[in-house]
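As numbered in the working numbering, residues 468 to 792 make up the sequence shown, in order. Each residue gets a CB set at the ideal place from its N, CA and C atoms; glycine is no exception. Working notes, structure below.
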Amino acid sequence: MTKFLYKYMPLREEFFDNFMIRATPVMALNDPFEGFFNKKQIEDADHQQREYYRALGKNVNEKHDGMIENLMGDVQEDFFDLGILSFTEDHNNPLMWAHYANDHKGVVVEFNLSEPLFDDSIQYLNGKRNRFGKNYLGDIFEFPEKVAYRRQLPSFDRPELSAPDSEHEYHWIKFNREILFTKSEDWIYEKEHRSIVQLHDADSIICKENKHIRKVCSSDKSIEVVTLDNDKIQVIYPKEYEMHEDMGDESIKKEVYFLSKDYNEPAIHLFRLNPDAISRIYFGCKSPCGGLAASIKESGKLKKLDGLYKMEHSKKYYHLDSVKI
Numbered sequence: 468m469t470k471f472l473y474k475y476m477p478l479r480e481e482f483f484d485n486f487m488i489r490a491t492p493v494m495a496l497n498d499p500f501e502g503f504f505n506k507k508q509i510e511d512a513d514h515q516q517r518e519y520y521r522a523l524g525k526n527v528n529e530k531h532d533g534m535i536e537n538l539m540g541d542v543q544e545d546f547f548d549l550g551i552l553s554f555t556e557d558h559n560n561p562l563m564w565a566h567y568a569n570d571h572k573g574v575v576v577e578f579n580l581s582e583p584l585f586d587d588s589i590q591y592l593n594g595k596r597n598r599f600g601k602n603y604l605g606d607i608f609e610f611p612e613k614v615a616y617r618r619q620l621p622s623f624d625r626p627e628l629s630a631p632d633s634e635h636e637y638h639w640i641k642f643n644r645e646i647l648f649t650k651s652e653d654w655i656y657e658k659e660h661r662s663i664v665q666l667h668d669a670d671s672i673i674c675k676e677n678k679h680i681r682k683v684c685s686s687d688k689s690i691e692v693v694t695l696d697n698d699k700i701q702v703i704y705p706k707e708y709e710m711h712e713d714m715g716d717e718s719i720k721k722e723v724y725f726l727s728k729d730y731n732e733p734a735i736h737l738f739r740l741n742p743d744a745i746s747r748i749y750f751g752c753k754s755p756c757g758g759l760a761a762s763i764k765e766s767g768k769l770k771k772l773d774g775l776y777k778m779e780h781s782k783k784y785y786h787l788d789s790v791k792i
């Protein structure tokens, strides 16, 4: 089992104050096959699921073409509401530094997976602290899972690939997992592990100015709405917001999420990370890190930080060495 994972990112000093990370919408990622599936995959998965229920004595009929098209739309719509947090197994990949850490001017943050990844992890599942609870619908994968790389698209023409394992299991879990955790082998250099979250669970949303969002948030004084430049606002929820049973039936988070939807100028969805999960920080070889490294040490916010490192050119190889600051 992988104990440490790494996140390449541009250098943002505010990250070390609030420890918020962006979840990128599935359909906004840089791989055009993210969240992609075709009609045959849906037909095969649906057929295997129906065969499973028939074997249990259930009365089910095959779907006709129009119903399959509607089903494809429903599954795609569900994917629109999911966000990806990407991590990798390696902190020292020059291509990753170039592509995701601002041409070596950014940072890599190491996460110790023996600690909960997210702040507000107040629930327990199988003895492990977590934030989002049991994944009933196959749309939240809180603990990072490894991405599989292959040349062929996932197949769902056999029962073990698409039928549920029990009649109490949501029948699209296997399909969702396979689509969301499979990528072309062209991306294998990334060695990706990913967490998948519902975007409406974000702890903060940055979006276009919206009077309706302001009105909704005004009903709860614990919600902060900050005016930003370029006609933007940032909605910031307090810790553990809407995570307790006394919340009631109405979700302000969900309402703000849907009001902030804009496919031309998508909102930014930020999630609070658990600072105790951060074990090391690596600054890129071109990163101006001196003052920031000192302030991180002085702040004392990262109580389980094992060290700060700077990437430097090897004197012998085309390789970057990590040198402790």
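_Delimiting residues of the beta strand (DSSP E) encompassing S662_ = Counting from one through the sequence shown, the residue named residue 662 turns up at place 195. Segment 659-665, the beta strand (DSSP E) holding S662.
*Under three-state DSSP, which class holds Q619?*
Sequence index remark: in the sequence shown, residue 619 carries index 152 (1-based). Here Q619 sits in coil by DSSP.
*Given 8 Å as the limit, is there contact between the region 742-757 and the region 494-505, that is, 3 or more CB pairs closer than that?*
no
*Do the CB positions of E609 and N597 come within less than 9 Å of each other?*
Indexing the sequence shown from 1 puts residue 609 at position 142. Indexing the sequence shown from 1 puts residue 597 at position 130. For E609 and N597, yes; Cβs fall inside 9 Å.
*Helix or strand or just coil, what does DSSP make of P499?*
For this step, residue 499 is matched to residue 32 along the sequence shown. In the structure shown, P499 sits in coil (DSSP, three-state: anything other than H, G, I, E or B).
*Over the uninterrupted beta strand (DSSP E) stretch that includes H736, give me the two end residues.*
Taking the first residue of the sequence shown as 1, we reach residue 736 at position 269. Its beta strand (DSSP E) spans residues 735-739.
*asked:* With three or more C-beta pairs closer than 8 Å as the rule, is the region 629-645 touching the region 511-523?
replied: yes
*So, is R617 buried or exposed, given that buried needs 16 or more other C-beta atoms within 10 angstroms?*
In the sequence shown, the residue the question calls residue 617 occupies position 150. Exposed, by the Cβ-count rule.
*Using the beta-carbon count (16 or more within 10 Å), is G600 buried or exposed?*
What you label residue 600 is simply residue 133 of the sequence shown in a count that begins at 1. G600 is exposed by the Cβ-count criterion.
*Do you know how far the Cα of S781 is from the Cα of G715?*
As a first step, residue 715 must be located in the sequence shown, where it is residue number 248. As a first step, residue 781 must be located in the sequence shown, where it is residue number 314. Its pLDDT being 49, under 50, G715 is placed unreliably in this model, and the value from its coordinates should be taken loosely. Between G715 and S781, the alpha-carbon positions lie close to 58 Å from each other.
_Please state the DSSP three-state secondary structure of N485._
The sequence position of residue 485 within the sequence shown is 18, counting from 1. Under the three-state reduction of DSSP, N485 is assigned to helix.
*Out of E481, L538, F482, state which residue places its alpha-carbon closest to the alpha-carbon of I509.*
As a working note, residue 509 is residue 42 in the sequence shown. Among E481, L538, F482, the Cα nearest to that of I509 belongs to L538.
*asked:* When you compare the CB positions of M778 and N559, do they come within less than 9 Å of one another, or not?
replied: For the purposes of this step, residue 778 is identified with residue 311 of the sequence shown, where counting begins at 1. For the purposes of this step, residue 559 is identified with residue 92 of the sequence shown, where counting begins at 1. The answer is yes: Cβ separation under 9 Å.
*In chain order, each beta strand (DSSP E) run of at least 3 residues that lies wholly inside the region 486-561*: 487-492, 549-555
*Where the alpha helix (DSSP H) containing C684 begins and where it ends*: Numbered from 1 along the sequence shown, position 217 holds the residue referred to as residue 684. For C684, the uninterrupted alpha helix (DSSP H) run begins and ends at 678-684, by DSSP.
_Proximity to S727 [Cα-Cα], best of F623, E709, I700, K706_ = For this step, residue 727 is matched to residue 260 along the sequence shown. The shortest C-alpha separation from S727 is found at I700.
_Using only CA atoms, which one of H667, Q619, I672, Q665 lies nearest to I646?_
Within the sequence shown, residue 646 is the residue found at index 179, counting from 1. If we check each option's Cα against that of I646, Q619 comes out closest.
*For my contact list, R489 and L740 are in at a C-beta cut-off of 8 Å; report their separation, rounded to the angstrom.*
The sequence position of residue 489 within the sequence shown is 22, counting from 1. The sequence position of residue 740 within the sequence shown is 273, counting from 1. Not a contact, Cβ separation roughly 11 Å.
_Environment of P492 [buried if 16+ CB atoms lie within 10 Å]_ = Here the question's residue 492 lines up with position 25 in the sequence shown. P492 comes out buried.
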